[in-house]
Structure formats: structure tokens, C-alpha cells
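Protein sequences, first through last, are from chains L and E. So in the working numbering, the last one in the first sequence is 701, and the numbering has no gaps at all. So in the working numbering, the last one in the second sequence is 259, and the numbering has no gaps at all. First up is the structure itself, then whatever we jot down about it.
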Amino acid sequence: MTTDPAATDPTVQADQTVPVDDAAPPAPSTDPAYAVTRGTASDNSPADPPTGLLEELRVVGQPIDGHVPTVHPRDAWTDRKLHYNLVNPSNRAKFKIIVVGTGLSGAGAAAALGELGYDVEVFSFHDVPRRAHSIAAQGGINAPRARKVDNDSIDRFVKDTVKGGDYRGREQDAYRLGEEGIRVIDHMQAIGASFAREYGGQLATRSFGGVQVSRTYYTRGQTGQQLELAAAQALARQVAAGTCKLHSRQEMLDLIVKDGRAQGIVVRDLITGKVRARTAHAVILCTGGYGNIYYKATLAKNSNATAIWRAYKRGAFFANPCFVQIHPTALPLMSQWQSKKTLMSESLRNDGRIWAPRQRDDDRDPADIPEDERYYFLEERYPAFGNLVPRDVASRNIRERIDAGYGVGPLKNAVYLDFKTGIERLGVKLIRERYSNLFHMYEELTGEDPYTRPMRIAPSVHFTMGGLWTDYDMMTSIPGLFVGGEAGWAYHGANRLGANSLLSGCVDGWFTLPYTVPNYLAGLLGKAPLDPADSAVAQTIADVEAGLDRLLQNNGSHGPDHFHEKLGAIMDRYASVSRDPEGLAKAIGLIRQLRQEFWRDVKVVGTGDRLNQELETAGRVADYLELAELLCVDALDRDESAGAHFRTDHEIDGEAKRNDEDWCFCSAWQYPGPAGKHIRNFETLTFRAVPLQQRNYK
Amino acid sequence: MRLILEIWRQDRPGADGRYETHEVVDATPEMSLLELLDRLNHQLVENNTDPVAFESDCREGICGTCGVDVNGVPHGPRDNVPACGQHVRDFKDGQTVRFEPFRSKAFPVLRDLIVDRTGLDRIIQAGGTIAVDAGTAPDAETVQVTHDDAERALDFAACIGCGACVSACPNGAAYLFTGSKLAHLALIPHGKQERAKRARAMVDQMEHEFGPCSQIGECALACPAEIPLSAIAVVNRERIRAGFKKGKAN
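Structure below.
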């Protein structure tokens, strides 16, 4: 078996050195980070990570307690629920809870807490709850209901999830996810999600993402849509009942912390521009992931990191920001103005063969490239799995080919996914049955016919495993601030399994937060929410207004998108499918430089007293420019490979090489203030049910 | 490609609006119409002019956020495709493309091409829901649904809530939207318990804000989710059925 790419392709070796980024403007010599970076880049010893820089950037903080039950992970949730405090039904309306975001976790949490009788206020920047990005998920939702005789079980679900995540998530949380996942299907079905049915009338399942059992429930290619609509409807029922108040087109711009507790939020009305505060006993953030930091990803245009980032700057720890999942088969950018990368289901790799020309910069039409000049690199490099290697392996290999100059398409940024062999073997009819909707979508978007011409695909960011750190009770390091869904961190470790994200959104919202939040509230009985006239409220509003004014009055020469695009280029290059210390060090320097450039030169056209999408974008990009640095610092700090975090200096036969001895923990970053070093706290992870084991797909 | 863009501009809700003409000289056939607007906005921002406000989110046809009238047609020239999937390649070099907000009294303009579509959400709040609390549902396997019913329910449940049907209708009716939800929930077991009550409430709310059905069928041609035209008949069927039920819930 050939494992070394260089052995199968003589040209690989010539491409080993990372080319210098000519496009990047020269750094101002006053930037200390950049000076250090340059010093490191000139160091010719790749085995020696720039530890000097790391020491300048971060300090190691404290061990932190995840408040994980000490019983066997299998019994953790039962045990914990038994010890939770409850709130008497007659007292529930006295508690005000703010929920931000209306995706699966937000709409679910709001509706469930409303059903229980709490006074819930829901905030969303969308016009209506149903737009939240959960709606775009295609594949399905896992649930270890184990009805078939294929030997599924909660234990097996946990094993798949923990191993898939390369042992960087919490085992106990995975158990809770599996356990509650069982009734999630019952509930979502009951409130309107019409799951696919077998001819006998029973729920249909399929297998997904390398799992050997069939536990994925689905509704065509629109599972996320059906779940999201059901959740949004359930929220609408509570809005009609008066238990949930809906505040749409309101963007959360800050968190109000008083006496060490999260007690409210500051929002901007996107229509009138008015900034106001809302106080409450607890705040739940269900505001999604930060993948759009890469500029063009598969995420919706408005998905952003602002809510979680501002909470971070108020003291919530940020867990594992460098764990970003990159999907191998998205549509590449084909022109400058293409607004995003669209996901093409990974099922296509079942019958499609991935290849790139053997000749560099090959401009020929794919039909004119003879068979012996096509390099089926996954098949040659991974004979056992071929085109079906896991997502991260496929992404890395595709990216290697593109970076080495073998990319195809107008921007030379893709490889081919070819169905010629599949059609010859199975016939057009069967291929059409299997993939017609995807082929149709591809043709709609590109104007090309994948039946006769190979698809062009490229890796794209589409999910972030990192997020705000929470304890087992889904509470952040700020008491009273809770997190649900992709905005959090705990289940997926360093790599998320397909169809586990819809599950975690639903479980967090419907069946976890409604237990954990009341446990916190019970201790506040008799206390009113923070007085809106409190100085902490006024101060937070003033901070937000100052931030908006700063952007509006900056009078630079480029809109915020200009800087976002540059940031995306840096992130794509240095913090993507594979990372190395030198590249990350360089990225940090470039990000700092870009941040300075942003504040020197950004302009926000228009005013703040009305709908202003440039102002919205500018605030989000300003946050990305800070989060991007933390992401790279985390990637530089985590001196191992794990799941999607692939460090070229830690590999074994081209696979991620974990270091369980030194790195079996969650990095929980703490905001040091505007000038201090990043503080990395850590929660040690222990594995009792699924023993530590190295992943290997060769 | 060079395209002339004629665009509705309106600063605030209730303010007077006007058409503005702009030119994009470097449009390319593979651009979507929203990307064409992105390109224009980039140009406007570089020239210190307010960009055109328009809505979009997923840009792959599922979220229902985008929605503009293009040369008088909701979403654009191709039937059953959302604005994010409409492309410049369907226009000719030098052609004028007119962008306007969705047209309906029920969708007041908030700014430029952005309208307020929460009226549709109020129809859902009125009754497009199922009264089952978290944790109380029976095992989904004990509830039999035939394959065909599940598929038929999905045909109607696919509505993305964009409001193109309302804009397409000369009467500004929301029959296709309302009918799709009534049909979806009437076809699934848990939805049947409140079927009559739901029909009364949703139809009342719909008539309160939206116009009567024109019976012409433009709505189904504009619909990016390809909701069957039969959904408009479902509204009347469910309303009449509810009338016979005389105040009963199901």
C-alpha cells in the first residue's frame, strides 16, 4: 500500500515549500507580532515550532471544572437530573429568560421553556424565526433508537461520536445527546416534521457518514428545513399563547453582566437603528457557528460570530476555536462575485471518482484529457477506502492538489468529480435516481451538465466544532449565560459526524436546557430581573453605541466586505485543512496587520438611524478580525493533530497524530482585555466508556 | 456583459420612493441576480453611495429570505426558482433589469427592496401549529403514516415562506401559503386533532391581512418550492369542512 503522496507523484516534492504570499502587503515594522513572525519564518528548522511567539501570545491559565457527574458516563444524565433544583409551576412566570436565535436549539429552548410557563423573550436578527440557518441542513438527524436489528445502541452512538470527534469532546455529553435523541424523533414528528416513511408506515432510516448502523432519520434532502419549520411553529404557538415574546430584526450586540451574572442583552433594532437593553434572570445564546470567518463558506450570508464573541469579551470562555470542519465536496468559487460555496452532498462520492490532471496548469477541456493523464489521487493514495475516505482526509488531499498547481476550472481552485465510470457501470437511469436533485442543483448553479462533464468541487468550511465553553449543565463561565447548538462546543470534539448537528440542536433546545436553566433559576427565586435603570445597563448600552459610532465615523476608503475578503484569504491559506506553526505564526501577523488596516481604512456608508446593512457587516467583520487571531493562536498552541485540526508537524502516514498525553483537554480561552496575552484555561477530558484509540483509515 | 439596473429606492417605511438607474458593466453570465446586486453595491459603496438594501441568507433556495420582483415577476424570469438561483445568463447584453420590492399591500416596504413579510408568520401563529408539548409525544413508531401520505405531506411542507405567491397574485392573496400549511398538517396524524379549529383560525387571519384568491394560478408558477396549485383549493376545502364541524376542534 502506498502511503506517501510523493511516492506516487514525482512532482509533489517540488511543491513542499510554502510559497511566499506575494499578494500580502508589507507589514508595518512597528507591529511586534509581525517582527516575531518574520523571525520565525526565516528559521529553517520546520521541526522547531515558534515557541517564542507562542509564549508572547498566550499564557496557560487554570484547570477548569466541567461539573461533570462523577458516576459512569452512561448514568451521568440520570444522576444529574435527579440532583437538579426545580421551580414550582406557579413561580415560573416570575422568571424572565432571554433566548437569542431561533434555529433548532433557540426555537426549541424558547418553546419548551414557554410551555413550562416561564416568561421568555426571543430575539432574532431575521424577519421571522423560520429563516435561521438550521433550515439549510440537508442530510438527516441521528438518533440511536436502535429499532432495527443492526446492533445499534446508545453506547455505540457514543462510541461513534467520541471516536469521530477524535476524543476531544465530552463523553458524558455524548451520552446525554444519544439518550435524549431517542425522544427527539417522537417530539419533532408530533409537532409537524414529516419524516420519511417506509411502505409499511414505519419511520425510514439510512446510514450516514461512515457509521455502520442505520440511525439517520431524514426527510428527503431537506431534513433541516422540516425540523426548523416544526420548531418555528412550536415557537409560534407559544408566541400566540403569550409565554414567548418575539423580537425579530433585533441583533444582539452585547451581554449585560452585573455581579458576575449574565443579566441581559443589548440589541440594535435593524430597522430603526435604536439600541436598547433587555434584562432577565438568564440568557441563552443559540446563535450558531462562526464558519463565515472564512469569508465564503457554505453558511448563510448572515450567520456570524458577534453574539458569542461579545459574550467572550464579557468573560465567557471560548472552547477550541481551531476546530473547524471542512467539507470536501462543495462548489468552488467560479468567479469573483460568487457569493458563497454551496454544499454538494457527500453521498456523491459513492459513485463519483475524484481526479485532477497529472499535468500542472492543464487548461484542456476535461474530455480532452486522456485516461493516463488523469490522477485519481484518492484511489491511488488510499486504495482501501478510495474516494470514500473521511471528510477531512478527502479535503486535505484535494486541497494539496489544488495548492500544488493542479487545480481546474477558471480560477484553478477545484478538482473533478467524475461520474463517467459510474454511468458506464450503472447506467444513466440509476445515477439519475440516486442524484438527480444534486445534479439539477449543480446545473442550476453552474450551467453545466454533470452527466456529460465532470463536476468541479473543492473543500469548504461548513461547521465549527468550537464555540463558547459550557459546563455539563450548558452554562458558560458566566453564571446565567447558557449556550445551545453550534454556538457551543461539547459533543463533536475535533470533528463532527454527519447528522449529529441537527440532533444536538434539537436535544439542547427541547430536552437539555429546559432542565438545566431552571436549576439555575431556582436559586434566584424572589429576585427581580436587573433594573433597566441600573448603571451596568446604561454602561453596556453606551459601549455598544460607542462601537457603532466608531464604525460610522471611521471615514476610510473601503467597505467592510473588502477586509472580510482579505481575512478569508488568510484563513483559507493558513488555518484550513492543514496547518503548520510557521504558517499560523504568519497568519497571526497578517491578521493583526489587517485589523489595524480595518480600523484605519474601513468606511461605513449611511447612517445608524435606519436599516444599514453595511453597518451590520462592519460590526461582524470587526469581530471576525479578533476571533480569527484567537483561532490561529489556538491552532498554534494545540501542538498535536486531532480530527479536523491537522498539523503537518504531527502526522503519522498522512493521518492526524493525536497526543493524548499532553493534549487530552478542551482549551477554554479567556478574554485578557484589549492588550493582554490570550489566556488558555483547560478542562481535562477523561474517557471511561470509549477508551482512547488512534484513528486510522488506511 | 453590460446590464442597466432600474431599482426601487426608499429610505424608510412609509417614505416616498423612487427608481434609480445604475449600470453594471462587468456582469457575467454565471452570476446570480443577487450577486449582480452585490456587484452593484460594491460599486456604490466604493463611490460613497448607500448600497441597495435587499435581503438574502442561505443563497441556496431553502431559507426563503430573498425575494424581489424582477421585471415585474417575483424572483425573476425562470419559473419556480428563487432569486438566489436566477442568473444573469437569462438576460441579454445591454438589457434593462428592473428590481422592485415584492408587491403587496400586506408587505409594507421597510427599505429599498426589503419588505415586511411577518403577516405570513401571523397566519402560522393563528393556528399553523400542533399543540404537543415537549416530551409528551407518543413513540413515533406507534403512529403509522403511509409512505405516500408522508411524501404528499412533504410536497406541501416544502414551502419556504418567501411570499412570492402573494406578490405574484393580482389580489395579493396568501392562499398558496396558507393552503400548503393546512394541507401539510391535515395529512399527518398529530395535525388532525385540531384540523377544523386550525382552518378557521388560519383562514380568518389570512383574510384579515391578505386579498382573496384570484383563481389564476400565477402563485404556483412563482413558487420556488413548487407547492402544488391544489393548495389553493385546500383553503376552501378546509374552510368548508370546518364549517360542517360546527365549532369542533378536529
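Where a beta carbon is used, it is the ideal one built from N, C-alpha and C, also for glycine.
| Check | Outcome |
| --- | --- |
| Cross-chain neighbours of Ser251(L) in chain E, by beta carbon under 9 Å | Thr127, Asp130 |
| For Pro453(L), the nearest candidate out of Ile460(L), Arg171(L), Phe442(L) (CA to CA) | Phe442(L) |
| Classification of Arg61(L) by the beta-carbon crowding that lies within 10 angstroms, buried from 16 upward | buried |
| At least 3 beta-carbon pairs within less than 8 Å: the region 127-146 of chain L vs the region 318-325 of chain L | no |
| For His284(L), the three-state DSSP class (helix, strand or coil) | coil |
| Span of the beta strand (DSSP E) around Gln673(L) | 668-673 |
| Local Cβ density within 10 Å of Arg402(L), reported as buried at 16 or more and exposed below that | buried |
| Cβ of Asn453(L) within 8 Å of any chain E Cβ | Contrary to the premise, residue 453(L) reads as Pro rather than Asn in this sequence. No, Pro453(L) does not count as interfacial toward chain E. |
| Contained beta strand (DSSP E) runs [length at least 3] in the region 259-315 of chain L, N- to C-terminal order | 264-272, 278-282, 285-288 |
| His129(L) burial status per 10 Å Cβ neighbour count (16 or more: buried) | buried |
| Cβ of Met10(E) within 8 Å of any chain L Cβ | no |
| Nearest residue (CA-CA) to Lys151(L), options Ala193(L), Asn94(L), Thr219(L) | Thr219(L) |
| Outcome for Gln339(L) when other beta-carbon atoms lying within 10 angstroms are tallied against a minimum of 16 | exposed |
| Classification of Leu85(L) by the beta-carbon crowding that lies within 10 angstroms, buried from 16 upward | exposed |
| Within-8 Å CB hit, Arg18(E) to chain L | no |
| Cβ-based burial, Val431(L) [other Cβ within 10 Å; buried from 16] | exposed |
| Short CB-CB distance (under 8 Å) between Trp245(E) and chain L | The amino acid at residue 245(E) is misidentified as Trp; the sequence shows Asn. Asn245(E) does not count as touching chain L. |
| Status (buried if at least 16 other CB within 10 Å, exposed otherwise) for Thr105(E) | exposed |
| Three-state secondary structure assigned by DSSP to Gly26(E) | strand |
| Neighbour list for His136(L) in chain E, Cβ cutoff strictly below 8 Å | Asp66, Cys67, Cys72 |
| For Phe108(E), the first and last residue of its enclosing beta strand (DSSP E) | 105-109 |
| Helix, strand or coil at Ser65(E) [DSSP, three-state] | coil |
| Rounded C-alpha distance that separates Gly646(L) from Ser581(L) | 11 Å |
| Separation of Arg148(L) from His75(L), as counted between CA atoms | 21 Å |
| Leu12(E) - DSSP class collapsed to helix/strand/coil | strand |
| Rounded separation between Ala135(E) and Ala285(L) - CA only | 29 Å |
| Chain-ordered residues of the region 166-194 of chain L with a beta carbon less than 8 Å from chain E | Arg186, Ile188, Asp189, His190, Gln192, Ala193, Ile194 |
| Lys248(L) at chain E interface by Cβ criterion, 8 Å | no |
| Range of the contiguous alpha helix (DSSP H) that encloses Glu383(L) | 380-384 |
| Interfacial residues, the region 98-124 of chain E to chain L, with Cβ spacing under 8 Å | Arg98, Leu119, Arg120, Ile123 |
| Alpha-carbon spacing of His156(E) relative to Ala207(L), whole angstroms | 9 Å |
| Met478(L) (DSSP reduced to helix, strand or coil) | strand |
| Nearest-angstrom Cα separation, counted from Ala167(E) out to Val260(L) | 41 Å |
| Range of the contiguous beta strand (DSSP E) that encloses Trp358(L) | 356-360 |
| Residue-level contact to chain E via CB, Lys1(L), 8 Å cutoff | With chain L running from 4 to 701 in the structure shown, residue 1(L) is simply not present. |
| Closer than 7 Å: Asn180(E) CB and nearest the ligand ATP heavy atom | What this structure holds is no ligand at all, so the ligand ATP is not there to describe. |
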